[in-house]
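Taking it in order: structure first as structure tokens, then the write-up.
Number of protein chains: 2
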Amino acid sequence: VHIRRIQPTDRAPLESLLNRTAEFTKDESSCALELIDFAITPYHPDYQALVAQTDAGMIAGYICYGPTPMTQGCFDLYWIAADASLRGQGTGRKLVAAMEAELRERQGRLVRVETSSQEGYGATRKFYLAIGYAEEARLKGFYKPDDDLVIFTRQL
Amino acid sequence: VHIRRIQPTDRAPLESLLNRTAEFTKDESSCALELIDFAITPYHPDYQALVAQTDAGMIAGYICYGPTPMTQGCFDLYWIAADASLRGQGTGRKLVAAMEAELRERQGRLVRVETSSQEGYGATRKFYLAIGYAEEARLKGFYKPDDDLVIFTRQL
């Protein structure tokens, strides 16, 4: 796959990708799509996105991120998704690496990712640990009574 | 003081209050004002606000909060400010208590507040501890290299 900036024609394949992604609830998919709409807007200050495209032209995944308000050089990684049929091929890693390279150029110092403590997100948490992110904090009962917020960060 | 819901005529006195509040930078004041504009919008789903008004009709403070996206029953306390000339009279406490009473009615379970580790926010951190909030997490170097994010929470 190669990584490139998002463009308006990516919206439909990304919507389909979100709906096919088992980890995401309907609420999460529609929240993610809302941010995709912001990221498609040229020069949107708050949300940016990159997509991974296969040589055959298929959208294999995307990553959405943006500067954390009120901070100097902190960025939030808001959403990342990779097509399940193409997993294990490093699409997620490549998306994160491309985002990090861009953020270093933008004087980024720190990336924050928020995820869930639930079992369904176990692969996601392992992924972040594997690519150099550290679990820095947990908030008990954040999403639901038995579903904690897990915050990963990485120094750029 | 008595606590009531925000109304459009509160915007000007609140803008003046934000500008007079020594703890807030210009950036923070304009971010806070942006959320006040959302909260003034009737039935805005994401941001709500209450103001504290003195018997003489002066706006002594305000609190802005809203449901945390993607969570069931978690709320963020986004901004709180009390007029410096009226501090020590329990305005901040009353604003938080009124917010919490409303959130309990809305099936709120948890309140999250994010603040800074900097010395200028020492009184703010003490305030949260004094009214029953617990420091649950820190993210090092979040705002700036030497300025950590401090997250307080309270179970409702």
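These protein sequences, in sequence, are chains F and A.
Residue numbers for the first sequence follow my numbering, beginning at 100 and rising by one.
Residue numbers for the second sequence follow my numbering, beginning at 100 and rising by one.
Think of the CB as a built atom: it goes at the ideal place given N, C-alpha and C, for glycine as much as any other residue.
Just so you know, these numbers come straight off a predicted model, no measurement behind them.
Item to complete: Evaluate SER184 (chain F) with the Cβ neighbour count: other Cβ atoms within 10 Å of its Cβ, from every protein chain shown; 16 or more gives buried, anything less gives exposed.
Response: Taking the first residue of the first sequence as position 1, residue 184 (chain F) is located at position 85. Exposed, by the Cβ-count rule.
Worksheet item: If you run the structure through DSSP and keep just helix, strand and coil, what is ASP245 (chain A)?
Response: Taking the second sequence and counting its residues from 1, one reaches residue 245 (chain A) at position 146. Taken through DSSP and simplified to helix, strand or coil, ASP245 (chain A) comes out as coil.
Practice prompt. Mind checking the stretch 215-237 of chain A against chain F and listing, in chain order, the residues whose C-beta falls within less than 8 Å of any C-beta there?
Written response: Those residues of the stretch 215-237 of chain A placed with their C-beta closer than 8 Å to a C-beta in chain F are GLU235, ALA236, ARG237, ordered along the chain.
Discussion item. Which residue wins for smallest C-alpha separation from ILE102 (chain F), given the options F:THR214, F:ARG186, F:THR252, F:ALA151?
Written reply: The residue labelled residue 102 (chain F) in the question sits at position 3 within the first sequence. For ILE102 (chain F), the nearest C-alpha among the options comes from F:ALA151.
Discussion item. Considering just the uninterrupted stretch of the alpha helix (DSSP H) at PRO166 (chain A), what are its terminal residues?
Written reply: Taking the second sequence and counting its residues from 1, one reaches residue 166 (chain A) at position 67. No alpha helix (DSSP H) contains PRO166 (chain A), which is instead part of the beta strand (DSSP E) from 158-166.
Worksheet entry | Cβ neighbours of ALA52 (chain A) in the same chain (closer than 6 Å, five flanking residues each side left out) | The requested residue 52 (chain A) does not occur in the structure, where chain A is confined to residues 100 to 255.
Worksheet item: Are any of the Cβ atoms in chain F nearer than 7 Å to that of GLN206 (chain A)?
Response: Counting from 1 along the second sequence, the entry for residue 206 (chain A) is found at position 107. Closer than 7 Å: no.
Worksheet item: Going by the beta-carbon positions, is the gap between THR223 (chain F) and VAL249 (chain F) smaller than 7 Å?
Response: Taking the first sequence and counting its residues from 1, one reaches residue 223 (chain F) at position 124. Taking the first sequence and counting its residues from 1, one reaches residue 249 (chain F) at position 150. Contact flag unset, no.
Worksheet item: Beta-carbon of LEU209 (chain A) versus every beta-carbon of chain F: anything under 7 Å?
Response: Taking the first residue of the second sequence as 1, we reach residue 209 (chain A) at position 110. Yes, LEU209 (chain A) counts as interfacial toward chain F.
Worksheet item: Distance, Cα to Cα, GLN206 (chain A) vs PRO244 (chain F)?
Response: As a first step, residue 206 (chain A) must be located in the second sequence, where it is residue number 107. As a first step, residue 244 (chain F) must be located in the first sequence, where it is residue number 145. If I take the Cα positions, the gap works out to 12 Å.
Worksheet item: Would you report the Cα separation of SER129 (chain F) and THR167 (chain A), rounded to the nearest angstrom?
Response: Here the question's residue 129 (chain F) lines up with position 30 in the first sequence. Here the question's residue 167 (chain A) lines up with position 68 in the second sequence. C-alpha separation (whole angstroms): 15 Å.
Worksheet item: What residues of chain F sit near PHE251 (chain A), judged by a beta carbon separation below 8 Å?
Response: Indexing the second sequence from 1 puts residue 251 (chain A) at position 152. Correct list: empty, because the minimum Cβ distance to chain F is about 10 Å.
Worksheet item: Which two residues bound the contiguous alpha helix (DSSP H) that contains TYR227 (chain A)?
Response: Working through the second sequence from its first residue, we reach residue 227 (chain A) at position 128. Residues 221-229.
Worksheet item: Is the CB of CYS163 (chain A) under 7 Å away from at least one CB in chain F?
Response: As a working note, residue 163 (chain A) is residue 64 in the second sequence. Not closer than 7 Å to any Cβ of chain F, the Cβ of CYS163 (chain A) fails to qualify, so no.
Worksheet item: Can you tell which of A:ARG208, A:ALA236, A:GLU204 has its C-alpha closest to the C-alpha of SER216 (chain A)?
Response: In the second sequence, counting from the first residue as 1, residue 216 (chain A) sits at position 117. Looking at the Cα atoms, A:ALA236 is the closest of the given residues.
Discussion item. Would you say TYR242 (chain A) lies against chain F (beta-carbon separation less than 7 Å)?
Written reply: Working through the second sequence from its first residue, we reach residue 242 (chain A) at position 143. Output row for TYR242 (chain A): interface = yes.
Fill in: Close beta carbons around LEU176 (chain F), own chain, < 6 Å, minus the five adjacent residues each side
Locating residue 176 (chain F) in the first sequence gives position 77, where the first residue counts as 1. Hits under 6 Å: TYR164, VAL210, VAL212.
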